[in-house]
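Presented below is the structure to which this report refers.
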Amino acid sequence: MERYKQGRHRPYSATIGTHSHTILLLAVKEVAIFYAGDPDTLDTIKYDAFGDQVKSNTFTAHHKVDPVTNELVVFGYEAKGLATLNIVTDALDAQGRNTEALWLESPGCDFIHGCAITINFIVLFIWPFETRMGRLKEGSHYWSWHYERPAFIVVPQRPGAPQIRAAGAWETEDGKIYEEGSQVHDNAFPFFPPKDGRMPSPDSKADFVRWEFDLSKPTSTTISHPTVVLDLPSEFPRIDESSYIGYTSSFEDEYL
Numbered sequence: 000m001e002r003y004k005q006g007r008h009r010p011y012s013a014t015i016g017t018h019s020h021t022i023l024l025l026a027v028k029e030v031a032i033f034y035a036g037d038p039d040t041l042d043t044i045k046y047d048a049f050g051d052q053v054k055s056n057t058f059t060a061h062h063k064v065d066p067v068t069n070e071l072v073v074f075g076y077e078a079k080g081l082a083t084l085n086i087v088t089d090a091l092d093a094q095g096r097n098t099e100a101l102w103l104e105s106p107g108c109d110f111i112h113g114c115a116i117t118i119n120f121i122v123l124f125i126w127p128f129e130t131r132m133g134r135l136k137e138g139s140h141y142w143s144w145h146y147e148r149p150a151f152i153v154v155p156q157r158p159g160a161p162q163i164r165a166a167g168a169w170e171t172e173d174g175k176i177y178e179e180g181s182q183v184h185d186n187a188f189p190f191f192p193p194k195d196g197r198m199p200s201p202d203s204k205a206d207f208v209r210w211e212f213d214l215s216k217p218t219s220t221t222i223s224h225p226t227v228v229l230d231l232p233s234e235f236p237r238i239d240e241s242s243y244i245g246y247t248s249s250f251e252d253e254y255l
């Protein structure tokens, strides 16, 4: 709860990654606002450099770049404060202006670690980790894994076992979205255990999969299990930035 006592105005460390956007170097973290630095000297310039262009209390560390518009596509969960259901996605142009903010409400206060983008859509993967204000006041772990809960996938439209990190996504003419990324078949973060303390099985596995989302289906449709593309742990998949929203796939031999 400490991280929300002063809302978005309290600086935090940025520990996950960096990205160069506009004329700044952004140092980002999962559940806090980013730092902006000088890309040449690495000096810190400002905390919360986009100011009122980003309304969320949180900012993702796993953003995407639209190579067509050069927009930085980001999201925040618990966007309006501790244990809130609010989710927001933002598109930030090269001048740091927010060109599109989409506000959603999650089915529960759940963990969202990554996203994938296509020409028209953003795909958000809601993990079966949950938090509630009551459990936080009890001093429990911030997140708790729920074995009985499904993973939710949210597909808000862009203008014109849990998925861990997305590699890429694309649309087809028949109205479907395909997304590829790494998947873990149990609680990937055992430091956030379920209430009963159960630990992941030592036989748990991870692989690289392809999801299919048929946008002609009604809301709350159950999605079929993904197709296994590579039966190996495939965390931190990396694709060519110029192909972020298209269909290209390859694997480097040294990683296999």
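Residue numbers (numbering that gives the first Met the number 0): 0 to 255. C-beta: ideal position from N, C-alpha, C; glycine also.
Rounded to whole angstroms, the separation of the alpha carbons of Ile86 and Ser105 is 7 angstroms.
The beta carbons of Thr130 and Cys114 sit no closer together than 8 angstroms. In this structure, Val72 lies away from His61, with their beta-carbon atoms at least 8 angstroms apart. Under the 10 Å beta carbon count, Tyr146 is surrounded by fewer than 16 other beta carbons and is classified as exposed. Cβ-Cβ separation between Ala82 and Leu135: approximately 7 angstroms, consistent with a contact (criterion under 8 angstroms).
At a Cβ-Cβ threshold of 8 angstroms, Asp206 and Ser223 do not count as neighbours.
In this structure, Glu170 lies away from Val208, with their beta-carbon atoms at least 8 angstroms apart. For Gly80, there is no enclosing alpha helix (DSSP H), as DSSP marks it with neither H nor E. Under DSSP, the beta-bridge partners assigned to Cys114 are Leu123. Secondary structure of Leu23 (DSSP, three-state): strand. For Asn69, the number of other beta carbons within 10 angstroms of its own is below 16, and it is reported as exposed.
In this structure, Lys79 is the residue among Lys79, Val67 and Asp37 with its C-alpha nearest to the C-alpha of Leu103. A direct Cα-Cα distance of roughly 16 angstroms separates Leu123 from Thr221. The beta-carbon distance between Ile176 and Thr218, rounded to whole angstroms, is 15 angstroms. This is too long to meet the 8 angstroms contact definition. Per DSSP, reduced to three states, the secondary structure at Gln52 is helical.
For Ala187 and Val154, the gap between their C-alpha atoms comes out near 23 angstroms. Around the beta carbon of Asp42, fewer than 16 other beta carbons lie within 10 angstroms, which makes this residue exposed.
In the three-state reduction of the DSSP assignment, Gly138 falls in the coil class, being assigned neither a helical nor a strand state.
In this structure Ile44 is exposed. Its beta-carbon is surrounded by fewer than 16 other beta-carbon atoms within 10 angstroms. With a threshold of 16 other beta carbon atoms within 10 Å, Ala93 falls short and is exposed. Residue pairing by DSSP places Ile176 opposite Glu170 and Phe212 in a beta bridge.
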